[in-house]
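Undergrad:
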Amino acid sequence: MRRRLAWRDVLPLIVLLFAAAATWGPLYGDATGYRAAFGGVLVGLAVAVLCLRLRLTAWLTAVLGVVAYLLFGGVCALPTTAIAGILPGSTTLRILLVQAINGWKDLLTISPPVSAFPNATVLPYLVGVAAGVLALSIAMRTKRPEWSLLPVGLQLLLGILWGSQYAPYARWIGLAMGVLGLVWCAWLRERRRVTLAETASQSALQRRRLGAAAIVLTGALVAGFAGPVLTHSERRFAIRDHITPQLNVREYSSPLSRFRSYVDQQGKETMFTVKGLPQGGRIRLASLDAYNGIVYNVSDSPSEAFRRIGTVATQDVAPAGSTEQTLEITIDKYNGVWIPGGGDLQEINFTGSRSDDLTSSLYYSPQLETVLTTEGLTSGDTYTTTVNVPQEYSDAELAGRSFGAVEMEDNTGVPTIAVQKAQEFIGGKTDPIEQARALEQVLYTTGYYTDGTEGYRSSRPGHRAQRITSLLDADHMQGDDEQYAVAMALMARASGMPARVVMGFYPDSYGDGTIEITGRDAHVWVEIYFDGVGWVTFDPTPPRDQKWTEPDPDPQPNPQPQVLQPPDPPDDPVELEIEPAEDNRDDSADERETPRWLFFLLIGALGILLILAPFVLILLLKRWRTKRRRTTGAADVRAAGAWEDVLDTARDGNIAVDPRQTRGEQARSISAVVTSRLRQRKLDEASSDATAAQATPARAVSVPAGAASVPTAVTPTGTQSAAPHGGGATLGTDSTGATGLRGDTEAIVWGPHAPSAASTSIPAEPRPRQDQTARRSRAVISSTASLADRAVFSWHDISPQDLNVTWDIAEQAKAAIRRVSSRRSRFSLRSLRYSRHKVPRPSLWSRLVARLPRRRDDDSASDSPVIGEDN
C-alpha cells in the first residue's frame, strides 16, 4: 500500500513555489509584486492543507480555492480597495473577477515597472493561488508526487514570460530551481525503492531525514545567495516586446498641424510654464517620422508602438555621457494629448485633482521619445518629468561615422523636387555629417523666414507636397519652421538618411526660475540618426530676422518724355445674332413629377408594413400548418392532426397541456380551463352589474337518413336524451350547412352499428347563455378528441366525409378556446416553438394491426357516425 508523504517531505516543493513566485517581483519595481505572488502561494498552500485535513474531493478543493482567492485577494493583491486593507469590498471582487480574464493581456501592454497600476497585481496572486493548491494537492494525493513540479514550472514560466525584460535573478533562480527539482525527484524515486514497512531500520529513516534537510538547506542557500552575487542587468526575452498595444495614434491629429496656430493665434499667450530648463534646453513635444504627402505624423509602426506606463517609464540604464534633467511644468493655455517634456523619459509624476486619471492614461514610445495621455492636458495640470539628455557631439567627433540602421515607415507622396534638390544641395560630399550639414546650411543661409504674422510677408501654412514644392522651386525660399524642417527631412530621407521631424518649444532667452513658454516659442527641427551616437539635432530654419524684401527697380538712363497719344479710332461694331435658347425641358416633366406627399405616404405605408409583417407571418405560418395537417398524410393521421391543431390553439391561449396524457384526458383538462374562464367572465359581468346572459332555446336539428358521414345523435322523439354515459350531445347541420354539436359527448361510433336515424329533435329547456356556451365548448372539444381517437384506433377506415366533419368540429373547438383567450393568442409563438407537438409514432403492434385487412360491410356506404349509445 502506498504511503503518503510526510509534511517534511514536501518542504523542497514549498521552497520551489516561493522561488518561482519571486520571478514576478522585478516587474513591479517595488514590494507589491512580491506581496501578491508570495501571498497567493500562502493562500494556495493553506487551501490544500485544509482540504487534505478534511478529506475533501478534488471538486470541493477547487471550489474552496476560488472562495479563498476572492476572500484574501484584498489583503494580498488589492489592499487599496479592501475594507480596512483586509476585507474584500465590491470593488475588490469586481477587479478580481475581471482581471482573472483580462489581466493576462493588460499586463503585457504596460511597460515595466507596473506598480502604478494597482490592478496589475491580480495576475501573480492568481497564479500563486493556483500553483499552491495544485502542487501540494498532487504531491499529497497521487502516487507520483513528481508531477507536482508541473504547476511549479508553469508558475516559473509565466513569471518569466510575463515579467520584465530586466530580471537579473531570473536566470539563477531558474537554475537553482532546476537543480533542486531534479534532486527532489531523484530522492522520491529512491524513496519508493526502500521498504516502508514498520520493520525498517531506524538508521535508514534517520538518513532520509538528514537527506531531506540537506536538500532544503542547499536549495535555500542557492536561491538566496546565487542571485545577489551576480546582479548584472542583462536584457532578456519577454512576450511584451512582441505584443502591439491596442492604441491607434492615428486617431489623434498630428501636433505639426497646429504649429501655425500656435505662432499666429496664440503667439502672445502663455502655453505653459516650466521650471528647471537649462541654458539651450528644449522641451520636446513629439517626434514625427511618417509622411504621406499631406501631413507629417507619428508612425504607427509596431516597432515604435506606444505602451502604457506608470510613473516610471523605463528600467533601461541611462546612456553613457547623458545628463539627467528634471522639469516642473504647469499647463496654462496649451491643450492636447501630446505631453510637453518628452525625450528619453525616466519618470513622470502628476499632481492635482486629475493626477490619477492622467497617470492611468499615459502612453510612451521609447523609440519616438514621445509621451501622450488619452485624457488630454488642460489648464491647471501640473507634472514633473525626468529625462536623460544625450551627449552633444561636434562635427569633428561625428566625422567618419555612418548613418545608423533604424526601422522607419516609408514616406509616400514625396514631391519630386525634394529628390532633385537633395542631390543638388549635397553635391559631391561623401561624409555623412557633411551631407547632412549641406542640406541644413543651404536652407538656413539662402532661405528667408516668414510666418504671415505682423511684420512678415504673407505665407501659406501647412506642409503638403504642393507647399514643399513651392518652397524649394521658388527663386527665394520663404517659410517658417514647419516648411523648412519638413523639406530637409524629406530631402534627407530621399538621400538615404534616417531623418525625422521633431516639434517642441524653447524660448528666445533663458533665465533662472520659472519661464513662460508662449505660442511663438514653438519650433520644429530635424534629427538624423548616426551609428554609435544616436539622434543628432539639425536646425534648417533661417533666423526670424532674415526676411525677404523686394529690391527697388533700377532707374532708366535716358527717360523719354511721356506724351499723351490720341486714342485709336473706334472699330465697326460687330452685330451678334442672338438665337433664342431652345427649351429642352419636357412639358410633361412637371406632370410626371411625384408629389412629395405621395413620397411620405409611401414611406409611412412601408413603415406600417414592416411593423405588421411579423404578425402577418405568424398567421400565415399557422394557417400553412393547419392546411398541411388537413391535407397531408393518411386519413387517420389527418384526423389526429385536427386534435393537434386544437392543442396548438390551447397552447397559444396559455392553457397548459400535458403531452403524456391521452386525448380524452387532454380534452377534459382543456374543457376545465375553458369552463373556468367562462365562469370567471360571468362573475366579472355580475360584479359590474351587467345583464345576465340571455337564455337561448335549443334548436331542433334534423339529419336526413342515409347521410353516411354525418354524426347523428340518438335522440328518440318525445323522450329524454337516451345517450348513455351522460351523452347529451347532438350533432346536426343548421340552415347554412355547418356541422355542429350541442351538449356533451362520451361515445362516438363509426361503422355499420351506427343507427340510421330519421329527423329527430329535442325540445331544450332555456338555460343561461354562459352555461350553454360552456356545455357547447366542452362538447366540441371532447368530440374532437374522441373523433381523433376513433380514426386512429378504429378497425374501420375513416371516409373523406367523416374526416371533413372531424375538422369542422375541430374548428368549432378552436373557436371555443379563442373565445376565452386574449386577442394576442392568435399571434402567440408558443405553439410554433413547441417541439413535441407531432403525433407520436405508433407502436409496433399498432403498425401490425394497421396492415390487417379492414372489415367492410355491404351497407357501409350508408353508415353514420353516432354520438350516443351503440346498438
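Under the working numbering, the letters of the sequence shown match residues 7 to 877, in that order. Glycine included, every Cβ here is placed at the ideal spot set by N, Cα and C.
1) Taking 7 Å as the limit between beta carbons, can you name the residues of its chain near Ser-501, skipping five residues before and five after?
2) On a Cα-Cα basis, can you pick out the residue from Gly-610, Arg-314, Ala-25 that is closest to Asp-112?
3) Given that a residue counts as buried once 16 or more other Cβ atoms are within 10 Å of its Cβ, and exposed if not, what is Lys-688?
4) Quick one: grab the DSSP three-state call for Phe-78.
5) Give the DSSP-derived three-state secondary structure of Gly-13 in the structure shown.
6) Kindly indicate which three-state DSSP category Lys-427 falls into: helix, strand or coil?
7) Where does Asp-545 sit, in a helix, a strand or coil, going by DSSP?
8) Just the C-alpha distance for Leu-58 and Lys-149, rounded to the nearest angstrom, thanks.
9) In whole angstroms, what is the alpha-carbon distance linking Pro-157 and Ser-834?
10) Which class does Met-497 belong to by DSSP, given the choice of helix, strand or coil?
11) Exposed or buried, Gly-184, counting other C-beta atoms within 10 Å across all chains shown (16 or more means buried)?
12) Alpha carbon to alpha carbon, how far is Tyr-369 from Trp-153?
13) Would you check if the distance between the CB atom of Val-508 and the CB atom of Arg-256 is smaller than 8 Å?
14) For Gly-31, verify whether its CB is less than 7 Å away from any heavy atom of the ligand GDP.
15) Around the Cβ of Trp-630, are there at least 16 other Cβ atoms within 10 angstroms (buried) or fewer (exposed)?
16) Roughly how many angstroms lie between the CA atoms of Val-21 and Glu-415, to the nearest whole one?
17) Going by the DSSP bridge assignment, what does Ser-515 pair with across the sheet?
18) Kindly indicate which residue of Arg-634, Arg-550, Ala-42, Asp-295 has the alpha-carbon position closest to the one of Tyr-462.
19) For Trp-13 and Asn-125, I'd like the C-alpha separation in whole angstroms.
20) Measuring alpha carbon to alpha carbon, tell me which of Val-798, Ser-805, Asp-814, Ile-804 ends up nearest Ile-787.
21) Please report how far the alpha carbon of Ala-37 lies from the alpha carbon of Gly-31, in whole angstroms.
22) Comparing C-alpha positions only, which one of Ser-682, Ala-311, Ala-74 sits nearest to Asp-777?
23) When we look at the beta-carbon of Ile-92 and count the other beta-carbons within 10 Å, is it buried (16 or more) or exposed?
24) I need the straight-line Cα distance from Ala-797 to Thr-632, nearest angstrom please.
25) Would you please state the rounded distance, in angstroms, between the beta carbons of Gly-347 and Thr-317? I believe it to be under 8 Å.
26) Measure the beta-carbon distance from Pro-94 to Gly-71 and round it to whole angstroms, keeping in mind my assumption that it falls under 8 Å.
27) Alpha carbon to alpha carbon, how far is Ser-361 from Glu-381? Give it in angstroms, no decimals.
28) Give me, in chain order, the residues of the same chain whose beta-carbon lies closer than 7 Å to that of Gly-724; leave out the 5 immediate sequence neighbours on both sides.
29) Would you call the CB atoms of Leu-253 and Gly-138 closer than 8 Å?
30) Alpha carbon to alpha carbon, how far is Phe-544 from Leu-188?
31) Counting C-beta neighbours from all protein chains within 10 Å, is the total for Glu-413 16 or more, i.e. buried, or is it exposed?
32) For Ala-25 and Ser-366, I'd like the C-alpha separation in whole angstroms.
33) For Phe-356, which of helix, strand or coil comes out of DSSP?
34) So, at 6 Å on beta carbons, what are the nonlocal neighbours of Gln-818 in its own chain, with the 5 sequence-adjacent residues on each side left out?
35) Under the rule that 16 or more other beta-carbon atoms within 10 Å means buried, what is Lys-628, buried or exposed?
36) If distances are taken between C-alpha atoms only, which option among Arg-473, Ser-96, Leu-60, Ala-64 comes closest to Leu-76?
TA: In short:
1) Ala-428, Ile-432, Gln-441
2) Arg-314
3) buried
4) coil
5) Inspection of the sequence shows that residue 13 is occupied by Trp rather than by Gly. Of the three classes helix, strand and coil, the one that applies to Trp-13 here is helix, per DSSP.
6) helix
7) coil
8) 15 Å
9) 55 Å
10) helix
11) exposed
12) 42 Å
13) no
14) Absent from the structure shown: the ligand GDP. Ligands present: none.
15) exposed
16) 49 Å
17) In DSSP, Ser-515 forms no bridge with anything.
18) Arg-550
19) 35 Å
20) Asp-814
21) 7 Å
22) Ser-682
23) exposed
24) 18 Å
25) Going by Cβ atoms, the distance from Gly-347 to Thr-317 rounds to 14 Å, so no, they are not a contact pair.
26) So it is not a contact: roughly 15 Å between Cβ atoms.
27) 11 Å
28) Below a pLDDT of 50, predicted positions are generally treated as unreliable, and Gly-724, at 36, falls in that range; the measurement from the model is reported next regardless. Nothing meets the Cβ criterion.
29) no
30) 59 Å
31) exposed
32) 31 Å
33) strand
34) Val-786
35) buried
36) Ser-96
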